[in-house]
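Protein chains in written order, with our numbering: chain E, 24 to 253; chain D, 3 to 234.
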């Protein structure tokens, strides 16, 4: 019997009252490991370290999760007043994981912050605050609230094979991708925001602005796990 | 061929209702101290979320059971005491499966605080449900977020003694304690009240449980010994 694949999921470090006040804790919404488990994979959580090669050595597949804003210096912009709480060490660590996964052709799913980071790595740029960006003021909820919208998917894409040409995405983000660099844009909302990208000529790479793990979009996770077994 | 790869250490972690920005969700949470200490001592740390299949044992070189909430007293044949009000039976059972699997396959195992208590309970032991109201242990140490320190006397000839010597200072931030270690070997007692502070299974490559938090008091020697045994 083939072993179930190990899927690494990145986490964020935050300061929280946990066991004692103001502790430095590793955190990840439980929806991610649950989605991986439901799709037949073994979820393992990864936290910031110096040597991402040692992590990639253990993994069959990788998910870059949602989280805080990215340092705008990485796409040559100064920080907008709403761009706060970024972490250079987390950016550096997740960049090396994404680059390593692409180089080794490890199946990769990038979600929300992960989607934005992937686009930045591949030469793209972000809108730093959609609610104050012309044309995107009504994109969706931010700051802990959630809304849903339709995303039109290109028909010759992996996502359309898995979920069809129109999917419901959710929105709880205040930044968005304005330029996806050398990635192929395969999904946009009606306001034109880049919601999904893929990279051809690799085993498996899907990147979404929305959170498939919160919406029961199991086929995405099943496909990631299938690709990670092969 | 010599395997130069660093050993992979799985660390258990719970899921809890957690405030995150403006939302309140179930999140997997673990203090960074465990992760940092494993890295510092030469291991590659991977976090094992709750409900993870014990298949994971075949993919790691060492298992660390982290601290956390109280254990369901039914597991040692008691009813909940007045201060045992936060229990997670699913976390108990998934960690028990992982520990069993590690022991069966002789994968190096380090059990900390709650992990230590669970190891004792699984092996026929029992807990004091609330030390501050247990005769003889009223002044054991800090709990409910408060941290104190006390001496620990380590038994000569134990594995822990080989690693740490016969006396150490340990931290204390627990309200329950082990009153009976079942069929495990006791390797240490606290200096001031003789509470059981550490246990081991001698015939295994490395199987140790400690009541204190070595990662918060820089007990590098203990983590190094654990990770070294996971390597070979």
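Cβ coordinates follow ideal geometry from the N, Cα and C atoms, glycine included. Quantities reported herein were computed from a predicted structural model and do not represent experimental measurements.
The segment 215–228 of chain E makes contact with the segment 238–252 of chain E: 3 or more CB pairs, one atom from each, lie closer than 8 Å. Under the three-state reduction of DSSP output, residue 79 of chain D falls in the coil class, being neither helix nor strand. Within the segment 46–65 of chain E, those residues whose Cβ lies closer than 7 Å to any Cβ of chain D are, in chain order, 46, 47, 48, 49, 50, 51, 52, 53, 56, 60 and 65.
Interface residue (Cβ-Cβ distance to chain D less than 7 Å): residue 75 of chain E is not classified as such.
Cβ atoms of residue 198 of chain E and residue 132 of chain E stay farther apart than 8 Å, at about 19 Å. Exposed is the label assigned to residue 171 of chain E, since fewer than 16 other Cβ atoms lie within 10 Å of its Cβ.
About 24 Å separates the CB atoms of residue 160 of chain E and residue 140 of chain E; that is not less than 8 Å, and the two are not in contact.
Spatial neighbours of residue 210 of chain D in its own chain (CB-CB distance under 8 Å, excluding positions within 5 residues in sequence) are listed in chain order as 111, 112, 113, 161, 162, 189, 200, 201, 202, 224 and 228.
In this structure residue 181 of chain D does not touch residue 230 of chain D by the C-beta definition: roughly 32 Å separates them, more than the 8 Å allowed. In the structure shown, residue 151 of chain D falls within a strand segment according to DSSP collapsed to helix, strand and coil. The segment 91–101 of chain E and the segment 61–78 of chain E do not touch, with fewer than three beta-carbon pairs separated by less than 8 Å. Counting along the chain, residue 182 of chain E sits inside the alpha helix (DSSP H) bounded by residues 181–186. Annotation: residue 176 of chain E to residue 48 of chain E spans about 37 Å, alpha carbon to alpha carbon.
41, 46, 47, 48, 49, 50, 51, 52, 53, 54, 55, 57, 58, 60, 61, 62 and 69: these are the residues of the segment 41–69 of chain D whose beta carbon lies less than 9 Å from some beta carbon of chain E, given in chain order. The distance from the Cβ of residue 30 of chain D to that of residue 56 of chain E is about 7 Å, consistent with a contact at the 8 Å cut-off. Cβ atoms of residue 174 of chain D and residue 151 of chain D come within 8 Å of each other, at about 7 Å.
At a Cβ-Cβ threshold of 7 Å, residue 122 of chain D and residue 172 of chain D do not count as neighbours. Listed in chain order, the positions of the segment 76–108 of chain D with a beta carbon within less than 8 Å of a beta carbon of chain E would be empty, since no residue qualifies. The Cβ neighbour count for residue 97 of chain D, taken over all protein chains shown within 10 Å, is at least 16; the residue is labelled buried. Bridge pairing for residue 49 of chain D: E:68 and D:13 [DSSP]. For the set E:84, E:112 and E:103, the Cα lying nearest the Cα of residue 252 of chain E is the one of E:84. Note on the segment 101–127 of chain E: whole alpha helix (DSSP H) runs with a minimum of 4 residues are 111–127, in chain order.
Interface flag for residue 32 of chain D against chain E is set, since a Cβ pair is found closer than 7 Å. If you draw a straight line from the Cα of residue 40 of chain D to the Cα of residue 30 of chain E, it comes to about 20 Å. Here the segment 204–218 of chain D makes no contact with the segment 235–243 of chain E; the two share fewer than three CB pairs at distances below 8 Å. Residue 169 of chain D and residue 157 of chain D do not touch by the CB rule: their CB atoms are close to 11 Å apart, not below 8 Å. Residue 147 of chain E sits close to residue 202 of chain E, with the two beta carbons spaced by under 7 Å.
Within chain E, 42, 43 and 44 have C-beta atoms less than 8 Å from the C-beta of residue 147 of chain D, given in sequence order. Put simply, of D:66, D:17, D:34 and D:177 the residue whose alpha carbon is nearest the alpha carbon of residue 72 of chain E is D:34. Unbroken alpha helix (DSSP H) runs of no fewer than 4 residues, entirely contained in the segment 157–191 of chain D, are found at 161–166, following chain order. For residue 150 of chain E, DSSP records a beta bridge to E:199.
In this structure, the CA atom of residue 19 of chain D is about 4 Å from the CA atom of residue 28 of chain D. Annotation for residue 41 of chain E: the continuous beta strand (DSSP E) segment containing it runs 35–41. At a Cβ-Cβ threshold of 7 Å, residue 205 of chain E and residue 127 of chain E do not count as neighbours. Assignment of residue 60 of chain E by DSSP, reduced to helix, strand and coil, places it in the helix class. Taking C-alpha positions only, residue 58 of chain E is separated from residue 234 of chain E by approximately 11 Å.
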